[in-house]
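Just so we're on the same page, the numbering used here is the position in the sequence shown counted from 1, plus 16.
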Amino acid sequence: MLTIGLTGGIGCGKSTVTQLFEKRNVPVVDADIISHTIVQSGQPALLQLQQAFGDSILLPSGALNRDYLRDLIFNNPSKKETLESILHPIIYKTMYQTLASFDYPYGILSIPLLLETKHQSNIDRILVIDCPEATQIKRVKARDQLSDSMISSIMNAQCTRAFRLSQADDIITNVGSLNSLEKKVEQLHNFYLEMSAGKTK
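Listed below in structure tokens is the structure:
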């Protein structure tokens, strides 16, 4: 199976694009969904987090206290590194196993921090969803009601737009209508089908 790594900055429209691929029956595995699933009550990853950070990371219900964990790692690189060293290997292993269970010429791994986590080795092509930074900020403000400073800190934690574009095999510029976006997805969909046919020969 041809494996596409889909990434892009916050507010660039990754979810919209993955939905358009899913509409064409393309299997999409989303890192954000996997990262939520693996830390549910009773999951081994949650136990590892509890051992690393203490019982305070749990709510009375036994579920992960996401707000506490977010505050704990904010501006604390060593704790952030510990968190990532526990979660990232499990997330990527689960993503690849999930994608392998589908029978389709190609599949998409939607990974917001694909380039930041340097996990491109098992990916055949990198697809970057792009838009100008001013558009990113406008969209995120409308969607998440975050302050400018919070949006800036999120964007600063991601790699630069220029770096993302330099690493891309394919780029979808998401600035027009949904109709024009759909045409771009259809074009790439056909291209990936052709590529995967060549890969399996």
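Backbone N, C-alpha and C fix where the C-beta goes; we use that ideal spot for every residue, glycine too.
Remember, it's a predicted structure, so these values are computed and weren't measured experimentally.
Considering only DSSP beta bridges, list what T189 is partnered with. Within the sequence shown, numbered from 1, the residue matching residue 189 stands at position 173. Residue pairing for T189: DSSP places it in a beta bridge opposite D146.
Report yes if the C-beta distance between Q161 and G25 is below 8 angstroms; otherwise report no. As a working note, residue 161 is residue 145 in the sequence shown. As a working note, residue 25 is residue 9 in the sequence shown. It is not a contact, given that the beta carbons lie outside the stated cut-off.
For K217, the three-state DSSP class (helix, strand or coil): The count along the sequence shown starts at 1 and reaches residue 217 at position 201. In this predicted model, K217 has a pLDDT of only 46, less than 50, meaning its place in the structure is not dependable; the value taken from the coordinates is given anyway. In this structure, K217 counts as coil in the three-state DSSP scheme.
Taking the beta strand (DSSP E) that I124 belongs to, which residues open and close that run? Working through the sequence shown from its first residue, we reach residue 124 at position 108. Counting along the chain, the beta strand (DSSP E) containing I124 begins and ends at Y122 to S126.
Outcome for N195 when other beta-carbon atoms lying within 10 angstroms are tallied against a minimum of 16: Position 179 of the sequence shown holds residue 195. Flag for N195 reads exposed.
With distances taken between CB atoms, is the gap from I107 to L125 smaller than 8 angstroms? Here the question's residue 107 lines up with position 91 in the sequence shown. Here the question's residue 125 lines up with position 109 in the sequence shown. Taking 8 angstroms as the Cβ cut-off, I107 and L125 do not qualify as a contacting pair.
Nearest-angstrom Cα separation, counted from H52 out to F37: If you number the sequence shown from 1, residue 37 lands on position 21. If you number the sequence shown from 1, residue 52 lands on position 36. Their Cα atoms are separated by approximately 22 angstroms.
Measure the CB-CB distance between C28 and D146 and report whether it falls below 8 angstroms. Counting from 1 along the sequence shown, the entry for residue 28 is found at position 12. Counting from 1 along the sequence shown, the entry for residue 146 is found at position 130. Yes, the pair counts as a contact, with Cβ atoms nearer than the cut-off.
What is the C-beta distance between Q183 and L143, in whole angstroms, given that I count them as a contact (C-beta under 8 angstroms)? Translated into the one-based positions of the sequence shown, residue 183 becomes position 167. Translated into the one-based positions of the sequence shown, residue 143 becomes position 127. No, Q183 and L143 are not in contact; Cβ-Cβ is about 11 angstroms, not under 8 angstroms.
Contact defined as beta carbons within less than 8 angstroms: I believe I73 pairs with L63. What is the distance between those atoms, to the nearest angstrom? Sequence index remark: in the sequence shown, residue 73 carries index 57 (1-based). Sequence index remark: in the sequence shown, residue 63 carries index 47 (1-based). The C-beta separation of I73 from L63 comes to about 11 angstroms, leaving the pair out of contact by the 8 angstroms criterion.
Coil, strand or helix - V45 by DSSP: In the sequence shown, residue 45 corresponds to position 29, counting from 1. Three-state result, V45: strand.
Simplified DSSP state of I139, which is helix, strand or coil: Here the question's residue 139 lines up with position 123 in the sequence shown. Three-state result, I139: coil.
Who does I20 pair with in a DSSP beta bridge? The residue you call residue 20 lines up with position 4 of the sequence shown. Its beta-bridge partners are I124 and R141.
Buried or exposed for D48, please, with buried defined as at least 16 other CB atoms from any protein chain shown within 10 angstroms of its CB. Along the sequence shown, one-based indexing puts residue 48 at 32. With fewer than 16 Cβ atoms within 10 Å of its Cβ, D48 is classed as exposed.
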